[in-house]
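Under this note's numbering, the very last position in the sequence shown is 649; numbers go up by exactly one each time. Working notes, structure below.
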Amino acid sequence: MPPTSISRLDCVTISIDAAMKQVKITLLLLSLLSLLPACDDSFLEENRKHPESYLLDGVLYVNPTSQFTGVTLTLSGLHGNRYKVMQYPRILHFASLHGEIDGGGNLTFDIRVDPFESTVNLEPLQLGTIILDISDFGMLSIPVVHYNPGIPAAAITPHQIDLDSVSIEKVFNISNWAAGYLFYRLTAKPEWIRLQEQSVYEDSFELDSTRVLFPHSQTNYLIIPDREQLVPGVHEGEIILETNDPEKPLLKVTIKVVVRTFKNPDTMIPLEGMVIDAEFDKQSNTALLITRNPARLIAYQPDRNEKREIILERNPYSMQLSADHQLVLVGMNDRIESFRLSTLQRQESFVTGFIVTDVSDGENGRYYLSDTNRELFSVNRETSELTNHSATPGENRAEGDVLLKMKGKPMLLLSRKENSANGIYLVDISHPDGAKAVKYWYSGYGTWYWTTEDQRLLFSTHDGKVYHTPNETTGEQIRESGKFIPFDSEIENFYYFSSFDHNAERKTIWGAYRSIHWMDRNIVTEFDDQYYNRLRTITLNDYVFSVGGKADYYKTMAHYLFTTRSGERLLLVKNVDSNDLTTDAWHLETVNITKE
């Protein structure tokens, strides 16, 4: 990095031959040192009177040396002129005080320098002046200085920086933990980044500029990408710094930046309209969704990447699979309809006269349903007769708009979506013509029921707690079994979930964290199904959506998540984060979660 020659501004140059190249100098100090005057008056005085006098626009750097060393000045247009050394500092010794400029304009003399005290300092030590008398030219003064910046110890971290596709900036550190001054010059950087010292306002570190780092200190630089000038894809480059550290003359950082294509991958399938409900049938490995605007029933088979859909005649409000997994039950405005899972063909239709907020197969020849007043009804599949089971007042009255049929048992669990604290009713439906509330547990479970595949456990979306499903014979309190903690936080009340999925094959439970926008937690988390330990967390991918004809990436939140039967893939039903975009951009995303 240090130059081996110093140039004046007009016609005279001075260069140090190979024997003097061990002297360490820097470009940063060149402009400072070029005008230093002599300060040592211990010199020979001869022929002080001379018609002209010139000051070399540069300096001669010296170190103590036991041998004579050649110094050459190139003086254009003075070939053949003779010179005589008129004065010089006492620590300098000349092999000869006379000489002649050769035919190439080179004036050469040999000097030896006595030992002297040298301390590490950012400022040069001024030793005096050499004055030459050049025939037919005049007096030429050459400042003599010594410079000792010490030996630094340069380091840079990290050596690789990934600016991925969304990073606004990232930081690297330059350190110097030795007693010498570290000079570093920026010799290369990618055109698509800008460098700025982190602690300096509006700083810009440009190519070929040199900076100094004091002993035992460090500094940080921001790397700010400019993706606008790059085509989509992955781009790599290097930041290279030259230093005066003899052990590390070069410092390098490899930079990678990703420019997004503003195109969603094939693993993201757009959905038209607003998703109202979603289910997943592990037997057929099929995801089922209902949407509004337009009103549709959608079946998606991830193994074949196949999506089928039909138009619904009325807006849907709820959906659930029949107990035998052959039918899809859809609660609509004014009716219930069932559809064959394998073909999506309509099988049944029952007029209700009200909005069906939830529906469940009672496995007793009846479908059970609720309305917006949280009243419990059933419809006889043979006669289409509708019965209101909440009409009878008193302690046997049950109400709710969230229904779950207990597998193999004549029992329903009822809850209320909007009423705090979303307590649970246990309802006996062993007599098809009647429904009797057996027990009520006043606690908060959230707006949906999510259970293990065997329904042994019940998950609360309200706070991530895990409960044993109630025993209908003992009427005991619902026992708490544990808690899902999606991330470490002292504020556990913020552990809200939108949905859960249990995979008995993998013995894991996945939870979709219901992100609070300012907490920036767009994640899904995997837990073991025995102790509920957190196994891994996946940050949700952004989604490309066009607003006003311009595509951009938006954060997303998973409203439903399911694992495939084998547990190799995660199926996410997502929308853009409502704080980012006040519109619907629903989509399905499949994620490979196989652990190698």
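Ideal placement from N, C-alpha and C gives every residue a C-beta, glycine not left out.
Quiz item: Based on Cα-Cα distance, which residue from Glu452, Phe162, Asp387, Val306 lies nearest to Leu365?
Solution: Asp387
Self-check item: Nearest-angstrom Cα separation, counted from Ser437 out to Gln400
Solution: 14 Å
Self-check item: Counted within 10 angstroms of its Cβ, other Cβ atoms place Gly664 as buried (16 or more) or exposed
Solution: What is shown of the chain runs 54 to 649, which leaves residue 664 out entirely.
Practice problem: Assuming Arg349 and Gly384 form a contact by the criterion Cβ under 8 Å, report the distance between their Cβ atoms to the nearest whole angstrom. | Solution: Going by Cβ atoms, the distance from Arg349 to Gly384 rounds to 15 Å, so no, they are not a contact pair.
Quiz item: Looking only at C-alpha atoms, which of Ala451, Ala206, Lys492 sits nearest to Ser270?
Solution: Ala206
Quiz item: Whole-angstrom Cβ separation of Thr296 and Leu235, contact assumed at under 8 Å?
Solution: 6 Å
Quiz item: What does Thr609 pair with, by DSSP beta-bridge criteria?
Solution: Val629
Practice problem: Give a yes or no on whether the C-beta atoms belonging to Thr125 and Thr161 are separated by under 8 Å. | Solution: yes
Self-check item: Unbroken beta strand (DSSP E) run spanning Gln249, endpoints
Solution: 246-250
Exercise. Return the bridge partner residues of Leu160 from the DSSP annotation.
Key: Leu126
Quiz item: Hey, how far is the Cα of Pro323 from the Cα of Val265?
Solution: 54 Å
Self-check item: Residues bridged to Gly563 (per DSSP)
Solution: In the sequence as presented, Gly is not what sits at residue 563; that position holds Trp. Paired residues: Asp554, Glu579.
Quiz prompt | Cβ distance (whole Å) where Thr410 is taken to contact Thr425 below 8 Å | solution = 6 Å
Quiz item: Just the Cα atoms here: how many angstroms apart are Leu457 and Phe392?
Solution: 19 Å
Quiz item: Would Tyr353 pass as a contact of Lys360 if the rule is Cβ separation under 8 Å?
Solution: yes
Quiz item: Do the CB positions of Leu511 and Thr522 come within less than 8 Å of each other?
Solution: yes
Quiz item: I think Asn628 touches Ala638, with their Cβ atoms under 8 Å apart; what is that distance to the nearest whole Å?
Solution: 6 Å
Quiz item: In three-state terms, what does DSSP make of Glu15?
Solution: Coverage of the chain is limited to positions 54 through 649, which leaves residue 15 absent and any answer about it impossible.
Exercise. Please check the pair Leu304 and Ile246, which I expect to be a contact at CB under 8 Å, by giving their CB distance rounded to whole angstroms.
Key: Contact flag wrong, Cβ pair sits at about 16 Å.
Practice problem: Could you tell me the distance, in whole angstroms, from the CA atom of Ile389 to the CA atom of Asp414? | Solution: 12 Å
Quiz item: Near Lys470, which residues of its chain fall below 7 Å by C-beta distance, leaving aside the five closest residues on each side in sequence?
Solution: Asp454, Val455, Thr500
Quiz prompt | Contained beta strand (DSSP E) runs [length at least 3] in the stretch 170-218, N- to C-terminal order | solution = 178-187, 191-199, 207-210, 213-215
Quiz item: Any idea which residues DSSP pairs Gly286 with across the strands?
Solution: Val312
Quiz item: Do Glu553 and Trp563 have their CB atoms nearer than 8 Å?
Solution: For the record, residue 553 in the displayed sequence is Phe; it is not Glu. Yes, the pair counts as a contact, with Cβ atoms nearer than the cut-off.
Quiz item: Using CA coordinates, which residue listed in Val577, Val310, Arg419, Met610 is at the minimum distance from His442?
Solution: Arg419
Exercise. Quick one: grab the DSSP three-state call for Glu281.
Key: helix
Self-check item: C-beta contact flag for Leu180 and Glu222 at 8 Å
Solution: no
Self-check item: Residues near Asn159 by beta carbon distance below 6 Å, same chain, minus five either side
Solution: Thr125, Thr127
Exercise. Evaluate contact between the stretch 189-207 and the stretch 106-123, counting only Cβ atoms and requiring at least three cross-stretch pairs below 8 Å.
Key: yes
Practice problem: Identify, in the order they occur along the chain, each residue of the same chain with its Cβ nearer than 8 Å to the Cβ of His612, setting aside the five sequence neighbours on each side. | Solution: Val328, Ala331, Ser551, Ser552, Ala565, Val626, Lys627, Asn628
Quiz prompt | Coil, strand or helix - Lys102 by DSSP | solution = Per-residue confidence for Lys102 stands at a pLDDT of 46, beneath the threshold of 50, marking its modelled position as unreliable; no derived number is given.
Quiz item: Looking at the structure shown, is Asp430 part of a helix, part of a strand, or coil, going by DSSP?
Solution: The sequence shown places Phe at residue 430, not Asp. If DSSP states are grouped into helix, strand and coil, Phe430 belongs with the strands.
Exercise. Assuming Tyr585 contacts Lys536 (C-beta within less than 8 Å), just tell me the rounded distance between them.
Key: 7 Å
Quiz prompt | Through-space distance from Ile214 to Val138, alpha-carbon basis | solution = 57 Å
Exercise. Label Phe598 either buried or exposed according to how many other C-beta atoms from any shown protein chain fall within 10 Å of its C-beta, with 16 as the threshold for buried.
Key: buried
Self-check item: Residue burial classification, Leu85 (beta-carbon count within 10 angstroms, cutoff 16)
Solution: Its pLDDT being 28, under 50, Leu85 is placed unreliably by the model, and the measurement read from it follows with that caveat. With fewer than 16 Cβ atoms within 10 Å of its Cβ, Leu85 is classed as exposed.
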